[in-house]
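A.B. asks:
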Amino acid sequence: MDIHLSCQVIRSKKRRKTISLHIKEGGKIVIYAPFRTPNGEIERFIKEKELWVAKKMSENEKKLKEAEKAFLPGEKFLYLGEWYPLEILEGRKKECPLKLSFGKFILLEDHAETAKNLFIHWYKKEAKETIEGRVNYFSHKLQLFPEGIRITSARSRWGSCSRDNRLSFSWRIIMASLSVIDYILIHELVHIREKNHSRRFWDHLEAILPDYKRHRLWLKENGHLLML
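Start counting the sequence shown at -11; every next residue gets the next number (the numbering used here).
(1) Using a Cβ-Cβ cutoff of less than 6 Å, which residues in the same chain neighbour Gly62 once the five nearest sequence positions on both sides are dropped?
(2) Bridge partners of Val(-3), per DSSP?
(3) The beta strand (DSSP E) with Ile11 in it runs from where to where?
(4) With H, G and I counted as helix, E and B as strand and the rest as coil, what does DSSP make of Lys87?
(5) What ranges does the alpha helix (DSSP H) occupy inside the segment 100 to 150, keeping only unbroken runs of at least 4 residues that lie completely in it?
(6) Going by other Cβ atoms of all chains shown within 10 Å of its Cβ, with 16 needed for buried, is Tyr111 buried or exposed?
(7) Does Val18 pass the burial test, meaning 16 or more other C-beta atoms within 10 Å, or should it be called exposed?
(8) Using the Cβ count rule (16 or more neighbours within 10 Å means buried), how would you classify Asp(-10)?
(9) Under 8 Å, do Phe59 and Lys87 count as touching if we go by C-beta distance?
(10) If you check the beta carbons only, do Phe157 and Thr140 fall under 8 Å apart?
(11) Any idea which residues DSSP pairs Arg154 with across the strands?
(12) In terms of DSSP beta bridges, what is Leu218 paired with?
(13) Could you name the residues that DSSP lists as bridge partners for Tyr200?
(14) If you follow the alpha helix (DSSP H) that Ile161 is part of, which residue opens it and which one closes it?
(15) Measuring alpha carbon to alpha carbon, tell me which residue in Leu39, Val(-3), Lys50 and Asn184 is nearest Thr25.
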């Protein structure tokens, strides 16, 4: 199919009646269409959406650039939905190079050049501890047990559930509030029961988390903040 936008077309045999476009992680464009939709109709749809996609991707790029950190004194960092300022201090070599203490992130001056790596390491450690603990809690509560949990560095795919029920979560979600984190964890746990985003999946999720749409919207509008 000769099209201007580079995209993947997925034809669905289910009850889908309309064509839709989604911009995925890394700017990948996916078109969902009813199974028997003619190629020409899909091409026209894509052509109509070109300007909208270009604008949306430009906006996303701008948001990501604005969210990039310089690791300077006074700069604020998210953790569990709260913002904490960075303070850079002199310190002894044996001291912890980065810690959260009394409402501030404290970074030792001698380690300023590796600040980003230190933050990533800190966030990963906190994410692993929090996510594993919360998944264990919800697994027993919902009687949905994963085969394993993995922490990733994905930039916008906050969580996933494999065919063999192995869950993966981006360490970046530790920056979000606990209620948003719980939504992501429960979302993936429900996939143990329902593998796709069918009506049944959303009904199960809503029964467990009636306000899930609020958390989903927060991620859509603020996901760019979960970056370094």
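For every residue, glycine included, the Cβ atom is placed at its ideal position computed from N, Cα and C.
C.D. replies: Result, derived from the coordinates:
(1) Against the sequence shown, residue 62 aligns to sequence position 74. These residues qualify, in order along the chain: Pro73.
(2) For this step, residue -3 is matched to residue 9 along the sequence shown. Note: Val(-3) sits in a beta bridge opposite Ile19.
(3) What you label residue 11 is simply residue 23 of the sequence shown in a count that begins at 1. Start and end: Ser8 to Ile11.
(4) Counted from its first residue, the sequence shown places residue 87 at position 99. It is a strand residue.
(5) 103 to 130
(6) Your numbering for residue 111 matches position 123 in the sequence shown. The residue in question, Tyr111, is buried, as its Cβ has 16 or more Cβ neighbours within 10 Å.
(7) Position 30 of the sequence shown, counted from the first residue, corresponds to residue 18. Classification of Val18: exposed, given that the 10 Å Cβ count is below 16.
(8) Position 2 of the sequence shown, counting from 1, holds the residue named residue -10. Unreliable positioning characterises Asp(-10) in this predicted model, as indicated by a pLDDT of 40, which lies under 50. The coordinate reading is nonetheless provided below. Result: exposed.
(9) In the sequence shown, counting from the first residue as 1, residue 59 sits at position 71. In the sequence shown, counting from the first residue as 1, residue 87 sits at position 99. Their beta carbons are not under 8 Å apart, which means Phe59 does not touch Lys87 by this criterion.
(10) In the sequence shown, counting from the first residue as 1, residue 157 sits at position 169. In the sequence shown, counting from the first residue as 1, residue 140 sits at position 152. Result yes, Cβ atoms of Phe157 and Thr140 sit closer than 8 Å.
(11) Numbered from its first residue, the sequence shown carries residue 154 at position 166. Paired residues: Gly136.
(12) Because the chain in this structure spans residues -11 to 216, residue 218 falls outside the shown range and cannot be described.
(13) By 1-based counting over the sequence shown, the position of residue 200 is 212. Partner(s): none; Tyr200 has no beta bridge.
(14) As a working note, residue 161 is residue 173 in the sequence shown. Run containing Ile161: none; DSSP gives neither H nor E here.
(15) On the sequence shown, residue 25 is found 37 positions in, with the first residue counted as 1. Cα-wise, what sits closest to Thr25 is Val(-3).
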